[in-house]
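Please read the structure below before turning to the comments.
Residue numbers (the numbering used here): 79 to 387.
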């Protein structure tokens, strides 16, 4: 009897052991494998290179193009970006520019997270409290459907402004001054200083009085690698949403790219016409001056005879 009861006990223990393994396998399948199988048929998120390439080809990056033009040596040093204008560069160079800019934006995002910027700045415009009047169009889910938004940084508080529409609102110099001392640009700001983002010449401030004789007037501060990445990231945020006046900029760039010969011909014609008009004006002025001098000489010759009479 004792051996029989022990056998039954071991049998039930073995059954429960197998059931536990079965539940574990089933739970792993439902929670881990099944979502991957279900979501596998949906559209995949865009990679950072795809997002940046789309931004360039849709003419959404005027500020980033300006940033590339302002600091070509830094882009070459930190991200191996060639010093060429994107829209006239060959495809291989365009791909290299896209890769470097995408890496800079990604680095800027990680620095943004590491420094805790997401704790005071949100990245989501809500359809309440007149937020669209302050920050722009209400956020939509499709905006966040790429790897540059993983993990999402909707924020916990809004001590500082929302940044999801930051592109084009400030200049590069403004960001540099804001990093050195936020009080320079926003009096009363509680944001800490991030002077490590800026390479200060001789350790002097960036913002100075508007006086050409000021000791700091000739300074030309440059961003460090961290500063360059953060500025690129901030100028990317909201670049996909643009007011109407940016359409004109895209149109001009598209026309220049499609027909650069016509643009050069028009410029040469205008320069030729300007030079010819200048030459004609100079000829007219010289002829008028010569006629005036001739009249003056005639008057001088006639006046003595009149006086003798």
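We put the CB at the ideal spot given by N, CA and C, even for glycine.
All of these numbers come straight from a predicted model, not from anything done at the bench.
- In this structure, 187 is the residue among 143, 187, 253 with its C-alpha nearest to the C-alpha of residue 126.
- Counting only residues of its own chain and dropping the five nearest sequence neighbours on each side, residue 196 has a CB closer than 6 Å to the CB of 231, 233.
- As a beta-bridge residue in DSSP terms, residue 124 pairs with 224.
- Rounded to whole angstroms, residue 122 and residue 128 show a C-alpha spacing of 12 Å.
- Straight across, the Cα-Cα distance linking residue 138 with residue 155 is about 25 Å.
- Distances from the alpha-carbon of residue 132 to those of 164, 272, 110, 88 put 164 closest.
- Distance from the Cα of residue 182 is smallest, within the candidate group 207, 275, 310, 319, for 310.
- A Cβ-Cβ distance of about 5 Å is found for the pair residue 175 and residue 159, placing them in contact under the 8 Å criterion.
- Per DSSP, the beta bridge partners of residue 301 are 276.
- Between the alpha carbons of residue 204 and residue 218 lies a gap of roughly 9 Å.
- With respect to the C-alpha of residue 207, the residue from 201, 216, 199 having the closest C-alpha is 216.
- In summary, residue 242 is buried, with 16 or more beta-carbon neighbours lying within 10 Å of its beta-carbon over all protein chains present.
- Between residue 313 and residue 146, the C-beta gap is not smaller than 8 Å, which leaves the two residues out of contact.
- When secondary structure is reduced to three states using DSSP, residue 188 falls in the helix class.
- When DSSP states are grouped into helix, strand and coil, residue 216 belongs to the coil group.
- Ranked by how close their Cα comes to the Cα of residue 192, the residues 105, 229, 136 have 229 in first place.
- Residue 89 is classed as exposed because its beta carbon has fewer than 16 other beta carbons within 10 Å across all chains shown.
- In the three-state scheme derived from DSSP, where H, G and I count as helix and E and B as strand, residue 253 is classed as helix.
- In the structure shown, residue 201 adopts coil according to DSSP, grouped into three states.
- The closest CA to that of residue 255, considering only 271, 223, 100, is found on 271.
- In the structure shown, residue 268 adopts coil according to DSSP, grouped into three states.
- Where residue 260 is concerned, the enclosing alpha helix (DSSP H) starts and stops at 260–263.
- Shown here, residue 320 sits in coil according to DSSP, grouped into three states, outside any helix or strand.
- Proximity to residue 299 across 306, 276, 315 peaks at 276, based on C-alpha coordinates.
- Taking a 10 Å sphere around the C-beta of residue 201, we find 16 or more other C-beta atoms and assign the residue as buried.
- Excluding its 5 nearest sequence neighbours in each direction, residue 315 has C-beta neighbours in its own chain below 8 Å: 201, 241, 242, 243, 244, 245, listed in chain order.
- Per DSSP, the continuous alpha helix (DSSP H) segment holding residue 143 begins and ends at 140–148.
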